[in-house]
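Number of protein chains: 2
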Amino acid sequence: MSLLIVGTVAFDAIETPFGSTDKILGGAATYITLSASQFLKSSNLVSVVGEDFPEEHIDLLKNHGSNVAGLQILEGKKTFFWHGRYNQDMNSRDTIETQLNVLGEFEPIVPEEFKNAEYLMLGNLMPSVQQKVLDQLHKRPKLVVLDTMNFWMDHFLDDLTVALKNVDVLTINDEEARQLSGEYSLVKAARAILKMGPKVLIIKKGEHGALLFNDKEVFFAPAMPLEDVFDPTGAGDTFAGGFIGYLAQTNDISFENMKRAIIYGSAMASFCVEKFGTERLHNLDPKELQLRVDAFKKLVHTEIPVI
Amino acid sequence: MSLLIVGTVAFDAIETPFGSTDKILGGAATYITLSASQFLKSSNLVSVVGEDFPEEHIDLLKNHGSNVAGLQILEGKKTFFWHGRYNQDMNSRDTIETQLNVLGEFEPIVPEEFKNAEYLMLGNLMPSVQQKVLDQLHKRPKLVVLDTMNFWMDHFLDDLTVALKNVDVLTINDEEARQLSGEYSLVKAARAILKMGPKVLIIKKGEHGALLFNDKEVFFAPAMPLEDVFDPTGAGDTFAGGFIGYLAQTNDISFENMKRAIIYGSAMASFCVEKFGTERLHNLDPKELQLRVDAFKKLVHTEIPVI
């Protein structure tokens, strides 16, 4: 099934306790595309970069099935750049520098050939930009997944509220769920957020796993306890890419299938953090993924006889 | 199978965002006893209180199958008292006041009839006191579970190190696992701690569930997402009581059975936090427990076909 991915394609400079990188390939849409490519032969990309963006990065995306017809390359402009530093615990990070560059004036243009998208992944971006993509489509996709963050809740809550009305699945972290709902209990937060538009809410808790809510049920996918986490950058986007990639591949948007999809998303994210940047996603063997998913099943599986 | 429970029996004053209590029944051994009573008709208690400790609290323990022959009542002395205040997020708390009282001079005396204990739960106490109980037994129990906390790591690490050599299962939280091992990764922390004596390590992560490690395997039990958490006091002890109660009831200390036991422990803990203090554990219907365990199974269960 056709998947349209919208989000940033960017440069990241990353510092962790294990080392640091210069400007490497980053961006939500990049991670989503690479992760989804594990499930789909092709996907369509709407994004923007500057003329400083190297051809080899575009080739990497193409080699992972990305149709880059919707990737604007703005002449005389520079690519979005983020420089962050993770703290010792790897759970929190400080932004050292953000250069919006091309992102400051991003007007998404959806190519004609993408306008019948069946699956739409709106990666973390200004909510009004996410909405502009939705507005250009010929028809409502079968599934719309939107990822966002606290920054947009702080400064563009009205725009976000509008976009949320058109969304099937919202993915945010636990703190953002609390902020958006004003509820501390995640069960209550989910109930409140599901009244804002989304039919399904995914609460990402990083190393503590992910919760999947609809208005009747809750499901939990653990995170894999890992020997080392080298670089958490992109883990949430990789999760989202695996989630929607699996759904599009199986073309089944039932809640039961979403349970499986968040396990595949969690498995993909568990690979992402094992190396710097996108590196671990470049040549991931499908057998490795299957073994990891088996490990996820085993992590929580036990037979409980009635006592 | 006979279960010996050692730990505090105490008064707690608790403040949460939902209300506060005056001196109510508390203490690790109290929660462990009440929780284990869901699985065992009887258990044996070694603890200490002052002459201010009301008969009705002792009756409550007796009514839950506790043999209180090892409960010292020190004349002219007062019962251990803890006064704590939970912060808005319910995940952190401040100690307002601690009155050690009888605990300051506690010399545990194991009654003759308890000295062949098959299951031993050493609740959180000074490590040398935990060791003194072990020293009085006629034979090594089939299973020894020890709970401890950061305070003993800070001030009595040598004593704790000695006690750990005699333990089968250690239960601590994630921060304590990091402190004890000097490793941030919980996988590495577990490996280091399993070299200190325990064959099995349980890392309690509160609202984020619990991890069970031996030297080959890891298993994860989620926490149940709850509508409201009224009072987290005693949740860890209730977890431990459910864990060892289930193991003693089934008399099976295999790792497979420990997986089931941490789900029962988690289920018991999920009840504990629904009301203040021990209240929710007083009259818990076995059917309620079974329904909660079923909900835990459902929370993580999905069939994943090979793709």
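Protein sequences appear in the order of chains D and V. Residues are numbered in the working numbering as their position in the first sequence, beginning at 1, plus a constant of 3. Residues are numbered in the working numbering as their position in the second sequence, beginning at 1, plus a constant of 3. Backbone N, C-alpha and C define an ideal beta-carbon position, used for all residues, glycine too.
* To do: Report the residue ranges of all alpha helix (DSSP H) runs contained in full by the segment 210-288 of chain D; include only those spanning at least 4 residues, in chain order.
  => 238-253, 258-275
* Proximity of V/Thr24 and V/Phe279 at Cβ, strictly below 7 Å -> Judged by their CB atoms, V/Thr24 and V/Phe279 are nearer to each other than the 7 Å cut-off.
* To do: Flag D/Ala305 as yes if its beta-carbon sits less than 7 Å from any beta-carbon of chain V, otherwise no.
  => In the sequence as displayed, the identity of residue 305 of chain D is Thr instead of Ala. So yes, D/Thr305 belongs to the interface.
* To do: Pair every Cβ in the segment 156-176 of chain D with every Cβ in the segment 35-48 of chain D, then say whether three or more of these pairs are closer than 8 Å.
  => Not touching, per the Cβ criterion.
* Output, in chain order, the set of chain D residues within a Cβ distance shorter than 7 Å of V/Val190. => Pro228, Leu229, Glu230
* To do: Report yes or no: do three or more beta-carbon pairs, one from the segment 48-61 of chain D and one from the segment 92-100 of chain D, lie closer than 8 Å?
  => Result no; under three Cβ-Cβ pairs closer than 8 Å.
* Cβ atoms of D/Lys26 and D/Ala39: under 7 Å apart, would you say? -> no
* **Endpoints, beta strand (DSSP E) assigned at D/Glu179** => Element bounds for D/Glu179: not the beta strand (DSSP E) but the alpha helix (DSSP H), 177-184.
* To do: For D/Ile266, I'd like the list of residues in its chain whose CB is within less than 7 Å of its CB, leaving aside the five on either flank, ordered along the chain.
  => Ala224, Val296, Phe299
* Any Cβ of chain V within less than 7 Å of the Cβ of D/Phe223? -> yes
* Asked: What residue from D/Leu173, D/Val203, D/Lys65 has the CA that sits closest to D/Lys219's CA?
  -> D/Val203
* V/Leu43 in three-state terms, based on DSSP -> coil
* What is the residue span of the alpha helix (DSSP H) that D/Asn66 lies within? -> Unbroken alpha helix (DSSP H) run through D/Asn66: 58-66.
* To do: Could you pull out every residue in the same chain whose Cβ sits closer than 6 Å to the Cβ of V/Ser5, ignoring the five residues on either side in sequence?
  => Non-local C-beta neighbours of V/Ser5 in its own chain, meaning closer than 6 Å and more than five positions away in sequence, comprise Ala120, Glu121, ordered along the chain.
* Kindly list, in the order they appear in chain V, the residues whose Cβ is closer than 8 Å to that of D/Tyr187. => Gln91, Asp92, Met93
* Asked: Can you list, in chain order, the residues of its chain whose CB lies under 8 Å from that of D/Gly87, leaving out five sequence neighbours each side?
  -> Asp15, Ala16, Ile17, Glu18, Arg96, Asp97, Thr98, Ile99, Thr236
* **CA-to-CA distance, V/Thr164 to V/Phe154, given in whole angstroms** => Here the alpha carbons of V/Thr164 and V/Phe154 stand approximately 14 Å from one another.
* Asked: So is D/His67 in contact with chain V if we call contact Cβ pairs under 7 Å?
  -> False, the Cβ-Cβ gap to chain V never drops below 7 Å.
* Asked: If you run the structure through DSSP and keep just helix, strand and coil, what is D/Ser5?
  -> Looking at D/Ser5 - three-state DSSP - the assignment turns out to be coil, as it is neither helix nor strand.
* **Bounding residues of the alpha helix (DSSP H) (the contiguous stretch that carries V/Ile196)** => 189-196
* **Cβ-Cβ separation, V/Gly126 to V/Ile256 (assumed contact under 8 Å), whole Å** => Not quite, the Cβ-Cβ distance comes to about 19 Å (not below 8 Å), so this is no contact.
* To do: State buried or exposed for D/Leu64, treating a residue as buried only when at least 16 other CB atoms are found within 10 Å of its CB.
  => Buried, since its Cβ has 16 or more Cβ neighbours within 10 Å.
* **Closest residue to D/Gly248 among D/Gln41, D/Gly30, D/Gly29, D/Phe21 (Cα-Cα distance)** => D/Gln41
* Asked: Between the segment 193-212 of chain D and the segment 171-178 of chain D, do at least 3 Cβ pairs fall closer than 8 Å?
  -> yes
* Rounded distance between the beta-carbons of D/Lys262 and V/Thr305, thought under 8 Å -> 4 Å
* Beta-carbon gap between D/Gln75 and D/Val51 smaller than 7 Å -> yes
* **Any chain V beta carbon closer than 7 Å to D/Leu197** => no
* To do: Measure the alpha-carbon distance for V/Gln182 versus D/Glu110 and round it to whole angstroms.
  => If you take the alpha carbons of V/Gln182 and D/Glu110, they lie about 50 Å apart.
* Residues of the segment 258-275 of chain V with Cβ closer than 8 Å to any Cβ of chain D, in chain order -> Glu259, Lys262, Arg263, Ile266
* To do: With V/Ala16 as the anchor, note down where its beta strand (DSSP E) starts and where it stops.
  => 13-19
* Does V/Leu137 have its Cβ less than 7 Å from a Cβ in chain D? -> no
* For D/Leu48, decide whether its Cβ has a neighbour in chain V, counting only Cβ atoms nearer than 7 Å. => no
* **As assigned by DSSP and simplified to three states, the class of D/His86** => strand
* With a cut-off of 8 Å on the beta carbons, I'd call D/Leu189 and D/Ala180 a contact; round off their distance for me. => 6 Å
* **Cut-off 6 Å between Cβ atoms - residues of its own chain near D/Gly79, not counting five sequence neighbours on either side** => none
* Asked: Can you tell me whether DSSP reads V/Arg96 as helix, strand or coil?
  -> Strand, per DSSP.
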